[in-house]
Structures are given as C-alpha cells and as structure tokens.
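Heads up, the sequence shown is in full-length UniProt numbering, so the first residue is 1 and it goes up one at a time.
Quick reminder that beta carbons are idealized off the backbone N, C-alpha and C, glycines included.
Computed from a predicted structure; not experimentally measured.
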Amino acid sequence: MSDPFRRSARIDAVELSEILKISELADALKREGRDVITLGTGEPDFSTPPHVIHAAHQAALAGETTYTLTAGTLELRRAIAAACQRENGYTPETAEIIVCTGAKQVLYNAFAATLDPGDEVLIVAPYWTSYPDIVTVCDGKPVVMPTSAETGFRITPEQLRDAIGPNTRWLLLNSPSNPSGAVYSAADLEALAEVLRDAPHVGIMVDEIYQHISYVPFHSFRAIASDLADRTLIVNGVSKSYAMTGWRIGWGIGPKRLTAAMLAVQSQITSGASSVAQAAAVAALDGDQQLLAERSDDFRERRDMLAAALNATGVLDCPSADGAFYLFPGCARAFGKVTAGGRRIESDADFCTALLEEEGVALVPGRAFGTPGYVRLSYAYSRASLTEAATRIARFCATLK
C-alpha cells in the first residue's frame, strides 16, 4: 500500500547532518553521566548586547508585534544599507535588501527562486554543511571544488575557470569561511572576479556572515567587484557578530530582480521575519560597534592558544585561521593507529568517534564539510573548556600506537 507520507525524492537525497549525528552521540553519553565537552557548535558564547535586548523589549511594549513588510522593515533595511556604507564602502538601495529568518533562509530563497533541475552551483570545499543540501532541495546540482591547507583552503582563479560550464548557475563563496577560517584577500577576490567577468551566465553568492570575526583585513566582494553587483548576492546577518543566533535575522543584498524573486518565495513560506527581532537588529547595527573588535580580539586569543596546543600533539596538523571561530586541523597522522581503547583509526570519522567515546570530546569530522582527513573544532567556548579539551585531545593522541 502506498504511503502518503513517504519522503520526496528531493528530501530523500538529504542526509542527517554529521554535526547533528555527533551532537546526538554526545547527548547520549551525557545522559549516561559522562563528562562530555562539545566543540562542535557554530555559535558565539557571548551574550546578546544589553542595549539590543532593551530595544526588543521597548519595541514589544510599543506594540511592534504585528506583521512587518515581507522584505523587512524600512528601519532595518536602512540600517543595513548604512552599515554597508560604513564598513564596506557601498550603499545598496532598500529595494536591493531582503530581510529573512536567518541567513540560511537567504540561501534557500535565492536558490529556490533561480534553480531549475540540472542547474549547477559551484561550492568550495570545505563548505558549511547546509550549502549542498539546500542546493539539492532546490533541485540544483552541487559541484564541489576541493581545496587543501596548501592553498589556504581557497580556490584559485584557474580552478574556478576550469569548473565553470554551460550549466553553471551560481558560484557560492564563504569568506571568512566555516569551517576553515579562510579569508579571501582583496587580490584573491579581484582575481576571481576577473574570471567571472568572462562568465556572464554565472551568479555570485558570497556568504559574509563572519565579516566581523576576521583577524586579517576583510573585503566584501561587492566592494571589490562593484561592476559585478548586478550578478552578486551578499549574504549576511547579526547572528555571529552580535551573538544573536536565536533572534533569526539574516539578509541578502542583490539586484532588485533577484530580491523580488526571493521575496515571492519568502511570501509563501515565512512572510516577514520577527518584528521585535528586527527592532533588535536595528539597535545592533546602529549602536556602539566597539564590542565587535573586543570580541574578535578575544576569539583570536583563544584561537592561538588552542592551535598551539593541537600542534603540540604531534598528531594533529593545525594551520591557523584568518577568521570565524573554528580550527580545521588535519588528522591523517592518526590513520592506521590504534587507540588505548583498542579502536583502529582509518578516517576522520573514526578519529572523532574514538575521541568522543574515550575522552569525552566532541568534534566534527571533515568529511561533513566535503574535506575528509580533517576535523573541525569551534573555539567559541570558555577558556576553561578549551584548556580541558586540549588536555584530553593531547592525552588521546599520546596513547595512539
């Protein structure tokens, strides 16, 4: 008998995120009473700034609890435009801006609005795990461009030129990158832009959600390649920079014909984002920005401490990260070795599973990000947690035979 609730083909092609799998195993061990340190979450450990919370409270008291414009309040879109001018040197029109329920919805709206079956999206690996799945759900075809530590986890212009084909619809970049922490320099972006100028059928989507967590100068693609603005969608939001992940506010900045199509998608899914969360985002963008530099400096110190500890193991090969709050060390030196608990390690997934079960430290295998042989660690945790995790990882590596 046919099941009316059988999974559709597009959803059947999407697997449960490896991050969720690791999280579920960590939770199971915690329920057994194990002391588990999880370094897998992509979320700042800072609190939302008090003035932002106050603005949301005041908006609710003032009755700003009704539907907003589907594209976002004018106040927020103007604040986004002003922030772009202040920080990146260009000023988008409000009609070029769409506010969504998180940056992930920006990606979905754009792909749902533009992809037909067979359309290809070029994705740089290592990538955020949702990128290929969102493309697949929207009937597109992810085409992965691999990188390595030797290239700084960045694609080259030659690699991009070779990857572009007649069915390429989008290039998706992420700078600063989750999970590698790679940041594209102005020269890097200009070199890629030169290739893209010869491919007018390709849209350019750049996820800049970690813009303010960059330890080297940050450059927005739209500012570097202003002549390609008519083909560029910038993805950003308040989640990472202002520690507002739960407020669910992200936005896209692109040509009006694209934002109009994205608006049509959004109008049938969520309508506008939360009214009080939008008021909070205005306060974040218009308020004192000094906290961004202070928090970035704090993350940098944690990065340096943890990277040094991982490299000292002699097993993990941990390059530094130019942005975001992740490290992406290679673990290939552990392959073929056996743990103190008798587990043989043949892959990054084996490494993560054994480390979690034997030392209670949860990391995410690199294969989840399209780059096996590595592991991802978030350092958006307290120094005490990071120090203890580093001690356990070192002990685990020291016992490998």
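- The continuous stretches of alpha helix (DSSP H) do not include residue 69, and DSSP gives it neither H nor E.
- Nearest to residue 262 by alpha-carbon distance, out of 221, 46, 206 and 111, is 111.
- The Cβ atoms of residue 52 and residue 280 sit closer than 8 Å to each other.
- When C-beta atoms of the region 173-183 are compared with those of the region 213-227, three or more pairs fall below 8 Å, so the two segments count as touching.
- As the crow flies, the alpha-carbon of residue 8 is around 10 Å from that of residue 14.
- Contact between the region 291-309 and the region 80-94 is absent: fewer than three C-beta pairs spanning the two stretches fall below 8 Å.
- Annotation for residue 76: 99, 278, 281 and 282 place their beta carbon closer than 7 Å to its own, counting only its chain and skipping 5 residues before and after.
- Across the set 246, 237, 71 and 255, the C-alpha of 255 shows the shortest separation from the C-alpha of residue 222.
- Straight through space, the alpha carbons of residue 378 and residue 195 are spaced by roughly 33 Å.
- If you check the CB distance, residue 319 and residue 347 do not come in under 8 Å.
- Straight across, the Cα-Cα distance linking residue 353 with residue 390 is about 16 Å.
- Approximately 21 Å separates the beta-carbon atoms of residue 245 and residue 97; this is outside 8 Å, ruling out the contact.
- Contact between residue 333 and residue 321 does not hold, since their C-beta atoms are separated by about 20 Å, which reaches or exceeds 8 Å.
- In this structure, the alpha-carbon of residue 130 lies about 24 Å from that of residue 185.
- Taken through DSSP and simplified to helix, strand or coil, residue 84 comes out as helix.
- Excluding residues up to 5 positions away in sequence, 263, 266, 267, 271 and 272 lie with their Cβ nearer than 7 Å to the Cβ of residue 70 in the same chain.
- Between residue 248 and residue 204 a beta carbon distance of about 25 Å is seen, past the 8 Å cut, so the two are scored as non-contacting.
- When the Cα atoms are used, residue 211 and residue 93 turn out to be separated by approximately 20 Å.
- In this structure residue 213 is in contact with residue 324, their Cβ atoms being roughly 6 Å apart against a cut-off of 8 Å.
- For residue 269, no beta strand (DSSP E) encloses it, and the DSSP letter there is neither H nor E.
- Counted as a single uninterrupted DSSP element, the beta strand (DSSP E) harbouring residue 125 occupies residues 120-125.
- Put simply, of 288, 395, 26 and 40 the residue whose alpha carbon is nearest the alpha carbon of residue 328 is 40.
- Within the same chain, and ignoring the five residues on either side of residue 25 in sequence, the residues whose Cβ sits closer than 7 Å to its Cβ are 356.
- In the structure shown, residue 141 falls within a strand segment according to DSSP collapsed to helix, strand and coil.
- Annotation for residue 59: 276 and 279 place their beta carbon closer than 6 Å to its own, counting only its chain and skipping 5 residues before and after.
- Annotation: the continuous beta strand (DSSP E) that includes residue 171 extends over 168-174.
- Residue 162 counts as exposed, since fewer than 16 other C-beta atoms from the protein chains shown sit within 10 angstroms of its C-beta.
- The beta carbons of residue 107 and residue 206 sit no closer together than 8 Å.
- In the structure shown, the three-state DSSP call for residue 27 is helix.
- For residue 7, there is no enclosing beta strand (DSSP E), as DSSP marks it with neither H nor E.
- If you draw a straight line from the Cα of residue 139 to the Cα of residue 351, it comes to about 34 Å.
- For residue 91, the secondary structure class from DSSP, reduced to helix, strand or coil, is coil.
- For residue 376, the enclosing beta strand (DSSP E) covers residues 375-378.
- Each residue's CA atom was taken as its position, placing residue 188 and residue 335 some 34 Å apart.
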